[in-house]
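A.B. asks: In this text, residue positions in the sequence shown follow this note's numbering: the first is 45, and each later residue adds one.
No residue lacks a Cβ here, since even glycine has one placed at the ideal position from N, Cα and C.
Note that the coordinates shown come from a computational prediction; the quantities given were computed from them, not determined experimentally.
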Amino acid sequence: MTPPDLSVVFPVFNEEENVPILLDEIAAALRGQPWSFEMVAVDDGSVDRSLAVLRQNRTKYPNLRVLTFEKNSGQTAALDAGWRAAKGKYVVSLDADLQNDPADIPMMMRTLEESGADMVIGVRVNRQDTFARKMQSRIGNGVRNWITGDRITDTGCSLKLVKRDAIDRIALYNGMHRFLPTLVRMRGRKVIEVPVNHRARKFGISKYGAMDRAFRGLADCLAVRWMSKRMLRYKLKDEA
Numbered sequence: 045m046t047p048p049d050l051s052v053v054f055p056v057f058n059e060e061e062n063v064p065i066l067l068d069e070i071a072a073a074l075r076g077q078p079w080s081f082e083m084v085a086v087d088d089g090s091v092d093r094s095l096a097v098l099r100q101n102r103t104k105y106p107n108l109r110v111l112t113f114e115k116n117s118g119q120t121a122a123l124d125a126g127w128r129a130a131k132g133k134y135v136v137s138l139d140a141d142l143q144n145d146p147a148d149i150p151m152m153m154r155t156l157e158e159s160g161a162d163m164v165i166g167v168r169v170n171r172q173d174t175f176a177r178k179m180q181s182r183i184g185n186g187v188r189n190w191i192t193g194d195r196i197t198d199t200g201c202s203l204k205l206v207k208r209d210a211i212d213r214i215a216l217y218n219g220m221h222r223f224l225p226t227l228v229r230m231r232g233r234k235v236i237e238v239p240v241n242h243r244a245r246k247f248g249i250s251k252y253g254a255m256d257r258a259f260r261g262l263a264d265c266l267a268v269r270w271m272s273k274r275m276l277r278y279k280l281k282d283e284a
């Protein structure tokens, strides 16, 4: 079969009520667009009916692929598995909790094609989160940028679109998915930001991004800074 133009990747952990709505919204956003697409769901060891709901929807959506973990392995692992399994030339990731809006994907695709960028990342406007969560995010973004020397406005936004070849050789470690734009830039690729919609959660509670990850996030920042300082940089001229 001909590979799709775009792979839509999303981790799922106990989101049984949100999954059917998300699938419908992705299909509605990309139906009639000039890009063929697949949906890649990675069930991260859900203990509710999320996996059963995904399997039931494969008849409705033949372009839906379902990957499963035997046990919960975390958001980075789920995203990495989805990115590696994706068959599209472009890969977009988003959360399964419906707070990211799939309707933003066509805009991001057009922005990437018109700008010549390798990655387009979302910046959540009018965030529908608690004040404490927004402050935590603002402080975290500031600390990450200060340590890594980058300038990413919203590292916590999962809505990211990237050319597949820009991430093929990037190795991720637990928690490092938030640094993907920085890692892509370190490879000399162009990363741009666009404002995207953000919605309140309707069902369930947040599964990822707990406050107790702050210290681990700091360690990750220092690791990325070390990588940026030690990375090989040279220009090679082949005169053959």
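Can you tell me whether threonine 199 is buried or exposed? The criterion is at least 16 other CB atoms within 10 Å of its CB, across all chains shown.
C.D. replies: As a first step, residue 199 is located in the sequence shown; it is residue number 155 there, counting from the start. It counts as buried.
A.B. asks: Contact check, glycine 132 vs serine 51 under 8 Å by CB: the rounded distance?
C.D. replies: Numbered from its first residue, the sequence shown carries residue 132 at position 88. Numbered from its first residue, the sequence shown carries residue 51 at position 7. Correct: roughly 4 Å between the Cβ atoms.
A.B. asks: Measuring straight from C-alpha to C-alpha, what distance separates arginine 243 and alanine 147?
C.D. replies: Locating residue 243 in the sequence shown gives position 199, where the first residue counts as 1. Locating residue 147 in the sequence shown gives position 103, where the first residue counts as 1. Each residue's alpha carbon lies about 12 Å from the other.
A.B. asks: Out of curiosity, what's the CA-to-CA distance linking asparagine 62 and isoleucine 70?
C.D. replies: Taking the first residue of the sequence shown as position 1, residue 62 is located at position 18. Taking the first residue of the sequence shown as position 1, residue 70 is located at position 26. So the two alpha carbons sit approximately 12 Å from each other.
A.B. asks: With a CB to CB cut of under 7 Å and the five nearest residues on each side skipped, what residues in its chain are close to alanine 73?
C.D. replies: Here residue 73 refers to the residue found at position 29 of the sequence shown. Correct list, in chain order: Pro146, Ala147, Ile149, Pro150.
A.B. asks: I need the straight-line Cα distance from asparagine 58 to arginine 93, nearest angstrom please.
C.D. replies: Residue 58 sits at position 14 when you count from the first residue of the sequence shown. Residue 93 sits at position 49 when you count from the first residue of the sequence shown. Their backbone Cα atoms lie some 7 Å apart in a straight line.
A.B. asks: I'd like to confirm something about valine 135: is its beta-carbon nearer than 7 Å to some heavy atom of the ligand MN, or not?
C.D. replies: Absence of the ligand MN from the depicted structure is noted, as is the absence of any ligand whatsoever, leaving it without description.
A.B. asks: Thinking C-alpha only, which one of Leu66, Phe223, Ser90 is nearest arginine 231?
C.D. replies: Your numbering for residue 231 matches position 187 in the sequence shown. It is Phe223 whose Cα lies nearest to the Cα of arginine 231.
A.B. asks: Could you tell me which residues DSSP pairs with histidine 242 in its beta bridges?
C.D. replies: Walking along the sequence shown from the start, residue 242 turns up at place 198. Looking at the DSSP assignment, histidine 242 forms a beta bridge with Asn144.
A.B. asks: Can you tell me where the alpha helix (DSSP H) with arginine 195 in it begins and where it stops?
C.D. replies: What you label residue 195 is simply residue 151 of the sequence shown in a count that begins at 1. Careful: arginine 195 lies outside any alpha helix (DSSP H) and carries neither H nor E.
A.B. asks: Comparing alpha-carbon positions, which option in Arg154, Pro48, Ala85 lies nearest aspartate 141?
C.D. replies: In the sequence shown, counting from the first residue as 1, residue 141 sits at position 97. Comparing Cα positions, the closest option is Ala85.
A.B. asks: Note down the Cα distance separating glycine 76 from glutamate 158, rounded to an integer number of angstroms.
C.D. replies: Counted from its first residue, the sequence shown places residue 76 at position 32. Counted from its first residue, the sequence shown places residue 158 at position 114. Between glycine 76 and glutamate 158, the C-alpha separation is close to 19 Å.
A.B. asks: Helix, strand or coil for aspartate 87 per DSSP?
C.D. replies: Position 43 of the sequence shown, counting from 1, holds the residue named residue 87. DSSP places aspartate 87 in strand when its eight states are reduced to three.
A.B. asks: Among all the DSSP beta bridges, which residues are the ones paired with glutamate 237?
C.D. replies: Translated into the one-based positions of the sequence shown, residue 237 becomes position 193. Ile165, per the DSSP bridge assignment.
A.B. asks: Please name the residue in Arg208, Val56, Arg229, Lys204 whose C-alpha comes closest to that of glutamate 114.
C.D. replies: Position 70 of the sequence shown holds residue 114. Nearest of Arg208, Val56, Arg229, Lys204 to glutamate 114, Cα basis: Val56.
A.B. asks: Which residue comes first and which comes last in the alpha helix (DSSP H) that contains threonine 120?
C.D. replies: As a working mapping, residue 120 is identified with position 76 in the sequence shown. Unbroken alpha helix (DSSP H) run through threonine 120: 119 to 129.
A.B. asks: Could you tell me the distance, in whole angstroms, from the CA atom of proline 48 to the CA atom of phenylalanine 81?
C.D. replies: By 1-based counting over the sequence shown, the position of residue 48 is 4. By 1-based counting over the sequence shown, the position of residue 81 is 37. Taking the straight line from one Cα to the other gives about 5 Å.
A.B. asks: How far does the alpha helix (DSSP H) with proline 55 in it extend, from its first residue to its last?
C.D. replies: Translated into the one-based positions of the sequence shown, residue 55 becomes position 11. Not the alpha helix (DSSP H): proline 55 falls in the beta strand (DSSP E), residues 50 to 56.
A.B. asks: Check whether the Cβ atoms of leucine 156 and valine 167 sit closer than 8 Å, and answer yes or no.
C.D. replies: On the sequence shown, position 112 is the one that residue 156 refers to. On the sequence shown, position 123 is the one that residue 167 refers to. It is not a contact, given that the beta carbons lie outside the stated cut-off.
A.B. asks: Count the other C-beta atoms from every protein chain shown that fall within 10 angstroms of the C-beta of phenylalanine 54, then say buried if there are 16 or more, exposed otherwise.
C.D. replies: Counting from 1 along the sequence shown, the entry for residue 54 is found at position 10. Buried: at least 16 other Cβ atoms inside 10 Å.
A.B. asks: Do you know offhand how far leucine 205's Cα is from alanine 96's?
C.D. replies: The sequence position of residue 205 within the sequence shown is 161, counting from 1. The sequence position of residue 96 within the sequence shown is 52, counting from 1. If you take the alpha carbons of leucine 205 and alanine 96, they lie about 28 Å apart.
A.B. asks: Between the beta-carbon of alanine 130 and the beta-carbon of leucine 111, is there less than 8 Å?
C.D. replies: Translated into the one-based positions of the sequence shown, residue 130 becomes position 86. Translated into the one-based positions of the sequence shown, residue 111 becomes position 67. Taking 8 Å as the Cβ cut-off, alanine 130 and leucine 111 do not qualify as a contacting pair.
A.B. asks: In whole angstroms, what is the alpha-carbon distance linking methionine 153 and valine 91?
C.D. replies: Position 109 of the sequence shown, counting from 1, holds the residue named residue 153. Position 47 of the sequence shown, counting from 1, holds the residue named residue 91. Roughly 34 Å between the two C-alpha positions.
A.B. asks: Applying the 10 Å Cβ sphere with the 16-neighbour rule, what's the burial state of threonine 226?
C.D. replies: Residue mapping note: residue 226 aligns to position 182 of the sequence shown, counting from 1. So threonine 226 counts as buried.
A.B. asks: CA-CA distance, valine 135 and asparagine 116?
C.D. replies: To locate residue 135, count along the sequence shown from 1; it is residue 91. To locate residue 116, count along the sequence shown from 1; it is residue 72. Cα to Cα, valine 135 sits roughly 23 Å from asparagine 116.
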